[in-house]
Amino acid sequence: MSDLVIRPGLADVPVAESAVSFIDGQRARLEYRGIAAETLARESSFEETSWLLIKGELPTQRQLADFHRELRARRKIKYKLKDILRNMPESGHPLDALQSSVMAMGMFYPSRDITNAESNWEATLRLIASLPTLVAAYARARNGDEILDPRDDLDHAANFYYMLFGKEPTPAVRKVIDAALIIHAEHTMNASTFTARVTGSTLANPYSVIASAIGSLSGPLHGGANEEALHMFKQIGTVANVRPWFEKAQASKAKIMGMGHRVYKVKDPRATVVQDLAENVFAETEKPEIYRVALELEKAVDPVYGSKGVFPNVDFFSGVVYEALGIPTDLFTPIFAIARVSGWLAHWTEQLKNNRIYRPEQVYVGKNDQPYIPLEQRP
Ligand code: COA
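The numbering of the sequence shown is our numbering, which starts it at 2 and goes up by one.
As structure tokens, then:
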């Protein structure tokens with residue numbers, strides 16, 4: 002019998018030293034390189050936040066201007082990549098399209114020598130710059146719409162909106178998208194970040210690193226939860242139905258999507274930022290029923306699961322905001338990836354500085370010393 006002890010889900014098991022971000026789950030505090038994420042969502046831009054995460058410091062004015070220029074120069078995707086996206090099944094999930102096209106991109110821009118800092122930086126720029134283009138291209142191509150080229154005169158958030166809808170966002174909508182990208186950009190050692198570090202630890206190329214992280218993000222217990230939360234609000238339908246629905250959910254022990262977190266035992270500070278964004282979006286219009294359903298559900302859940310530390314996480318309100326912007330539900334997780342790529346790349350860069358391949362242990366519970374029975378002697 003092994004004396005190794007398993008911690009399911011690696012809960013409380015540190016797997017790396019990291020200086021990228023910090024969470025205090027009791028104080029609802031999230032910091033990127035020591036700066037409160039809420040402050041960044043309010044004051045910064047996605048581009049500046051990405052630099053901060055990857056480089057460790059806020060950029061100088063010159064560095065930020067150069068970074069903007071370098072990203073804009075890498076937004077376009079190869080026409081062959083557009084063809085690949087056009088030929089993908091339109092019934093497929095856009096996150097799967099993103100994962101496949103990131104892998105394909107790695108074939109156009111080989112960067113196998115990860116000891117080469119210049120090539121790593123090139124891949125970092127290209128990945129951040131082109132994820133929005135890949136997502137928007139598939140979103141349009143699957144509807145038979147023309148794929149739009151990126152625009153150099155728009156920032157990251159506005160350009161994404163433009164490539165998706167063919168029009169510029171209003172300044173208020175641009176800010177909502179930018180802030181949503183910032184608040185989703187990084188979150189310590191979550192499943193997809195750990196995936197990125199595990200793949201990175203094998204010295205795989207950065208496109209493989211990001212593609213594996215995207216795969217990990219896709220599940221409903223991680224990035225997929227924002228879609229699931231919106232489906233849940235729609236299924237509930239009306240404010241009046243919230244409490245009867247919740248009673249049934251409780252009876253069947255169903256998890257409330259967009260609630261609960263391994264680390265936060267209070268309301269996720271990102272949920273508060275996204276809720277503020279929702280309030281801004283709905284300031285001039287009547288609050289949509291699904292938002293009112295979400296608010297009522299939060300109230301209903303609090304006295305029942307609050308003692309277990311189950312409160313809204315970032316995914317609870319983000320779907321409501323994206324829906325209000327006219328963004329199709331299945332693009333919510335791809336947008337999460339557009340944001341989180343900066344965090345993944347920051348962790349990949351950190352991992353490579355002091356790398357050792359991840360190779361954990363297992364507790365073997367199978368049989369030993371079994372005979373091989375020839376097929377003809379088996380029933
Ligand atoms: N709804 C109802 N109860 C929940 C819950 C939820 N969303 N999340 C956790 N709980 C309960 C669990 O049933 C468990 O109760 P128990 O101790 O009586 O068995 C307790 O809270 C601890 O939950 P657990 O599943 O062990 O937490 P975890 O750290 O393993 O999982 C999540 C964290 C995020 C996977 C989990 O909260 C979840 O599945 N949430 C819904 C999906 C989601 O929103 N994911 C996005 C995360 S940003």
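Just so it is clear, CB atoms sit at the ideal spot from N, CA and C, and this is done for glycine as well.
Between residue 55 and residue 295, is the Cβ-Cβ spacing less than 8 Å?
-> Numbered from 1 along the sequence shown, position 54 holds the residue referred to as residue 55. Numbered from 1 along the sequence shown, position 294 holds the residue referred to as residue 295. No, the Cβ-Cβ distance between residue 55 and residue 295 is not below 8 Å.
Just grab the DSSP bridge partners of residue 25 for me.
-> For the purposes of this step, residue 25 is taken as the residue at position 24 of the sequence shown. Answer is 30, bridged to residue 25.
Reduced DSSP category for residue 172 - H, G, I as helix; E, B as strand; rest coil = Residue 172 sits at position 171 when you count from the first residue of the sequence shown. DSSP places residue 172 in helix when its eight states are reduced to three.
Nearest-angstrom Cα distance between residue 114 and residue 352?
-> Residue numbering aside, residue 114 sits at position 113 when the sequence shown is read from its first letter. Residue numbering aside, residue 352 sits at position 351 when the sequence shown is read from its first letter. Residue 114 and residue 352: Cα-Cα distance of roughly 15 Å.
DSSP beta-bridge partners for residue 1?
-> Beyond the ends of the chain as shown, which are 2 and 380, falls residue 1; an answer cannot be given.
Report yes if the C-beta distance between residue 284 and residue 184 is below 8 Å; otherwise report no.
-> Along the sequence shown, read from residue 1 onward, the residue named residue 284 stands at position 283. Along the sequence shown, read from residue 1 onward, the residue named residue 184 stands at position 183. No. Outside cutoff.
Within the region 95 to 163, ranges of the alpha helix (DSSP H) (whole runs, at least 4 residues) = 95 to 109, 118 to 142
Is any heavy atom of ligand 1 found at a distance shorter than 7 Å from the C-beta of residue 263?
-> Counted from its first residue, the sequence shown places residue 263 at position 262. Checking every heavy atom of ligand 1 against the Cβ of residue 263, one is found closer than 7 Å.
Quick one: is residue 170 buried, meaning 16 or more other Cβ sit within 10 Å of its Cβ, or exposed?
-> Locating residue 170 in the sequence shown gives position 169, where the first residue counts as 1. The residue is buried, with at least 16 neighbouring Cβ atoms inside 10 Å.
Using DSSP with H/G/I as helix, E/B as strand and the rest coil, what is residue 255?
-> Taking the sequence shown and counting its residues from 1, one reaches residue 255 at position 254. If DSSP states are grouped into helix, strand and coil, residue 255 belongs with coil.
Same chain, Cβ closer than 8 Å to residue 362, five either side skipped, listed in chain order | Position 361 of the sequence shown, counting from 1, holds the residue named residue 362. Cβ within range, chain order: 5.
Can you find a heavy atom of ligand 1 that lies under 7 Å from the Cβ of residue 89?
-> Here residue 89 refers to the residue found at position 88 of the sequence shown. Result no, Cβ not under 7 Å from ligand 1.
Closest to residue 203 by CA distance: which of 22, 24, 356, 62 is it?
-> Translated into positions along the sequence shown, residue 203 becomes position 202. Taking only the C-alpha atoms, the option nearest residue 203 is 356.
List the whole-angstrom C-beta distance separating residue 207 from residue 128, where the pair is believed to meet the contact cut-off of C-beta under 8 Å.
-> The sequence position of residue 207 within the sequence shown is 206, counting from 1. The sequence position of residue 128 within the sequence shown is 127, counting from 1. The Cβ separation is near 7 Å, so the contact holds.
Have a look at the DSSP bridge pairing and note the partners of residue 37.
-> Translated into positions along the sequence shown, residue 37 becomes position 36. Note: residue 37 sits in a beta bridge opposite 32.
Expected contact under 8 Å - CB spacing of residue 312 and residue 268 to nearest Å | In the sequence shown, the residue the question calls residue 312 occupies position 311. In the sequence shown, the residue the question calls residue 268 occupies position 267. Yes, they are in contact, since the Cβ atoms of residue 312 and residue 268 sit about 4 Å apart, within 8 Å.
Tell me whether residue 300 sits in a helix, a strand or coil according to DSSP, three-state version.
-> Here the question's residue 300 lines up with position 299 in the sequence shown. Three-state DSSP puts residue 300 in a helix.
DSSP on residue 60, reduced to helix/strand/coil?
-> Stepping through the sequence shown from its first residue, residue 60 is reached at position 59. The answer is coil: DSSP assigns residue 60 none of H, G, I, E or B.
Go to residue 279, then tell me how far its alpha helix (DSSP H) extends in each direction, as first and last residue.
-> Working through the sequence shown from its first residue, we reach residue 279 at position 278. Per DSSP, residue 279 belongs to the alpha helix (DSSP H) from 270 to 282.
Given residue 271, which residues of its chain have a CB within under 6 Å of its CB, disregarding the five upstream and five downstream residues?
-> By one-based count along the sequence shown, residue 271 stands at place 270. So the qualifying residues of the chain are 184, 315.
Quick one: what does DSSP say residue 12 is sitting in, helix, strand or coil?
-> For the purposes of this step, residue 12 is identified with residue 11 of the sequence shown, where counting begins at 1. In the structure shown, residue 12 sits in coil (DSSP, three-state: anything other than H, G, I, E or B).
Closest to residue 300 by CA distance: which of 321, 158, 244, 197 is it?
-> Along the sequence shown, one-based indexing puts residue 300 at 299. The shortest Cα separation from residue 300 among 321, 158, 244, 197 belongs to 244.
How do the region 324 to 339 and the region 86 to 106 stand: do at least 3 beta-carbon pairs fall below 8 Å, yes or no?
-> yes
Cβ of residue 53 within 8 Å of Cβ of residue 33?
-> Translated into the one-based positions of the sequence shown, residue 53 becomes position 52. Translated into the one-based positions of the sequence shown, residue 33 becomes position 32. Yes.
Out of 273, 213, 266, which has the shortest C-alpha to C-alpha gap to residue 28?
-> Here residue 28 refers to the residue found at position 27 of the sequence shown. Here the closest residue by C-alpha is 266.
Determine the direct distance from the alpha carbon of residue 57 to that of residue 26, and round the result to whole angstroms.
-> On the sequence shown, position 25 is the one that residue 26 refers to. On the sequence shown, position 56 is the one that residue 57 refers to. Going by the C-alpha atoms only, they are around 22 Å apart.
Is residue 89 helix, strand or coil by DSSP?
-> Against the sequence shown, residue 89 aligns to sequence position 88. Here residue 89 sits in coil by DSSP.
Given residue 278, which residues of its chain have a CB within under 7 Å of its CB, disregarding the five upstream and five downstream residues?
-> As a first step, residue 278 must be located in the sequence shown, where it is residue number 277. Closer than 7 Å at Cβ, skipping near neighbours: 177, 180, 181, 322.
Would you say residue 24 touches ligand 1, meaning its beta carbon is less than 7 Å from a heavy atom?
-> Sequence index remark: in the sequence shown, residue 24 carries index 23 (1-based). Residue 24: no, Cβ never under 7 Å from ligand 1.
Between the C-alpha atoms of residue 8 and residue 342, what's the straight-line distance to the nearest angstrom?
-> For this step, residue 8 is matched to residue 7 along the sequence shown. For this step, residue 342 is matched to residue 341 along the sequence shown. Straight-line Cα distance between these residues: approximately 28 Å.
Determine, using beta carbons only, whether residue 226 and residue 259 come nearer to each other than 8 Å.
-> Here residue 226 is taken as the residue at index 225 of the sequence shown, counted from 1. Here residue 259 is taken as the residue at index 258 of the sequence shown, counted from 1. Contact: yes.
Counting only the same chain and skipping the five closest in sequence on each side, list residues whose C-beta sits under 7 Å from that of residue 75.
-> Counting from one through the sequence shown, the residue named residue 75 turns up at place 74. Cβ within range, chain order: 126, 127, 130, 131.
Beta carbon of residue 256: closer than 7 Å to some heavy atom of ligand 1?
-> Working through the sequence shown from its first residue, we reach residue 256 at position 255. Under cutoff, so the answer is yes.
Segment limits, alpha helix (DSSP H) that includes residue 45 = On the sequence shown, residue 45 is found 44 positions in, with the first residue counted as 1. Looking at the DSSP string, residue 45 is not in any alpha helix (DSSP H), and its letter there is neither H nor E.
Helix, strand or coil: which one does DSSP assign to residue 371?
-> As a first step, residue 371 is located in the sequence shown; it is residue number 370 there, counting from the start. Three-state DSSP puts residue 371 in coil, outside helix and strand.
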